[in-house]
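Single-structure report; data block below.
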Amino acid sequence: MTGRLFNVQRFSVHDGPGIRTTLFFKGCNLRCRWCHNPESYKMEPEIQYLREKCIECGECRKVCEHGIRIEQGKRTGLENCVLCQKCVDACMNGALKYAGREYTLEELTGLALRDRAYYENSGGGITASGGEPLLQSEFVGLLFQKMKEQGISTALDTAGNVEFEHFRRVLPFTDLVLLDIKIMDDELHRSYTGASNRKILENARRLMEMGQRMHIRVPVIAGVNDTLENAWALQKLIDGYECVEKVRFLPYHNMGLAKAASVNLEMEEFAPPQKERLEQIRSVFDFCAD
Ligand code: SF4
Ligand code: SF4
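Residue numbers for the sequence shown, in this note's numbering: 6 to 295.
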């Protein structure tokens, strides 16, 4: 069995406690308009083109047998690409990247174990992120099981828009859930992410009822969800559940724009919230909101 990933990041410090290896699984069933990893949207593998690294040397064109060309920072003929990766190997500038490599359990276990000493010294471990890792829940469950057998701590970074059975496969081997709750109002949630938040909130309640250790993560976007109403509604949802150890508010940044362009997607630019507003939002939570 294999898992499909678009990135593996060592020494990550933003995806759970301590120093971690973050595994970015490909495929997502939300379409958040501010997404910072839009190369994860599609489950299918694709070639990313990082325009800012390209010097238009033409080496990739020489090896491509299917006529894909790069001219003035744009790829043409992409519909003929067979994902052979010859161009990726030919590009000396790292401007082409294969997003969607299949990894076996053994490969990922080996990768993760390289940094065991760092995890032990920092209270870290591995994090399954994405995309939506629970779209590959069977694989993630098996991987986490192997990690736990090795004494490695596990965190699941999920947007939670899945049937609960996917959580069930992974939770027995999960130390910490990092759950994104983006917008509490369902209409707004639909218009900015392409899906209802009903399943996400139901799953949040079930996880809290089970006493699952959790951090809630909220990307904060000006004019979208930077309201006190949203913060109050979230506070009401988690009120009284001590298993929610943290609520983290993460101001919008526009790093997703270049990544969207790298996979031929257009994305609009949003703005981060004002500092005072972010502080007001954080102050709604009387514990460890950061
Ligand atoms: S080989 Fe790399 S740097 Fe050269 S044109 Fe192709 S993508 Fe650009
Ligand atoms: S992956 Fe293969 S077919 Fe696709 S652009 Fe690169 S060399 Fe051409």
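Ideal Cβ placement from N, Cα and C applies to all residues, glycine included.
> Should Arg66 be listed as close to ligand 1, given that the test is whether its C-beta is under 8 Å from any heavy atom?
Replying inline: Here residue 66 is taken as the residue at index 61 of the sequence shown, counted from 1. Within 8 Å of the C-beta of Arg66 there is at least one heavy atom belonging to ligand 1.
> Does the beta-carbon of His220 have 16 or more other beta-carbons within 10 angstroms, so that it is buried, or is it exposed?
Replying inline: Your numbering for residue 220 matches position 215 in the sequence shown. Result: buried.
> Measuring from the CB of Cys89, is there a heavy atom of ligand 2 at a distance below 8 Å?
Replying inline: If you number the sequence shown from 1, residue 89 lands on position 84. Yes.
> Are the segment 185-193 and the segment 146-160 touching by the rule of at least three beta carbon pairs closer than 8 Å?
Replying inline: A contact between stretches requires three or more CB pairs, one per stretch, nearer than 8 Å, and the segment 185-193 fails this requirement with the segment 146-160.
> Do you know offhand how far Cys69's Cα is from Gln53's?
Replying inline: As a position in the sequence shown, residue 69 is number 64, starting the count at 1. As a position in the sequence shown, residue 53 is number 48, starting the count at 1. So the alpha carbons of these two residues sit roughly 15 Å apart.
> Would DSSP call Met152 helix, strand or coil?
Replying inline: Working through the sequence shown from its first residue, we reach residue 152 at position 147. Reduced to three states, the DSSP call for Met152 is helix.
> When the Cα of Thr114 is compared with those of Asp191, Gly245, Ala133, Gly216, which residue comes out closest?
Replying inline: Numbered from 1 along the sequence shown, position 109 holds the residue referred to as residue 114. Cα-wise, what sits closest to Thr114 is Ala133.
>> Taking the alpha helix (DSSP H) that Ile205 belongs to, which residues open and close that run?
In response: In the sequence shown, counting from the first residue as 1, residue 205 sits at position 200. Start and end: 203-214.
>> Ignoring anything shorter than 3 residues, give me the beta strand (DSSP E) runs that lie fully in the segment 94-171, in order along the chain.
In response: Runs of the beta strand (DSSP E) lying entirely within the segment 94-171 and spanning at least 3 residues, in chain order: 101-104, 106-109, 130-135, 159-163.
> Going by beta carbon distance, what residues of the same chain come within less than 7 Å of Glu274, once the five residues before and after it are set aside?
Replying inline: Locating residue 274 in the sequence shown gives position 269, where the first residue counts as 1. Correct list, in chain order: Asn259, Leu262.
> ligand 2 heavy atoms versus the CB of Cys40: any closer than 8 Å?
Replying inline: Taking the sequence shown and counting its residues from 1, the one referred to as residue 40 is at position 35. No.
> Based on Cα-Cα distance, which residue from Asn166, Ile286, Cys59 lies nearest to Arg1?
Replying inline: Residue 1 is absent from the structure shown; the chain starts at 6 and stops at 295.
> Is any heavy atom in ligand 1 found nearer than 8 Å to the beta carbon of Asn98?
Replying inline: Locating residue 98 in the sequence shown gives position 93, where the first residue counts as 1. In this structure, ligand 1 has a non-hydrogen atom nearer than 8 Å to the beta-carbon of Asn98.
>> Less than 8 Å separating the Cβ of Lys280 from some heavy atom of ligand 1?
In response: Reading the sequence shown from its first residue, position 275 is the one you call residue 280. Every heavy atom of ligand 1 is 8 Å or more from the Cβ of Lys280, so no.
>> Tell me the DSSP secondary structure of Tyr197 in three-state form.
In response: Numbered from its first residue, the sequence shown carries residue 197 at position 192. Three-state DSSP puts Tyr197 in a helix.
>> Helix, strand or coil for Asn12? Go by DSSP, reduced to three states.
In response: Reading the sequence shown from its first residue, position 7 is the one you call residue 12. In the structure shown, Asn12 sits in a strand (DSSP, three-state: E or B).
> If you run the structure through DSSP and keep just helix, strand and coil, what is Glu250?
Replying inline: What you label residue 250 is simply residue 245 of the sequence shown in a count that begins at 1. Glu250 carries a strand assignment under DSSP once its states are collapsed to helix, strand and coil.
> Any heavy atom of ligand 1 closer than 8 Å to the CB of Glu61?
Replying inline: As a working note, residue 61 is residue 56 in the sequence shown. Yes, the beta carbon of Glu61 sits closer than 8 Å to at least one heavy atom of ligand 1.
> Since Asp135 and Phe30 are thought to touch, with beta carbons under 8 Å apart, how far apart are those beta carbons, to the nearest angstrom?
Replying inline: Counted from its first residue, the sequence shown places residue 135 at position 130. Counted from its first residue, the sequence shown places residue 30 at position 25. According to the sequence displayed, residue 135 carries Gly and not Asp. The Cβ separation is near 4 Å, so the contact holds.
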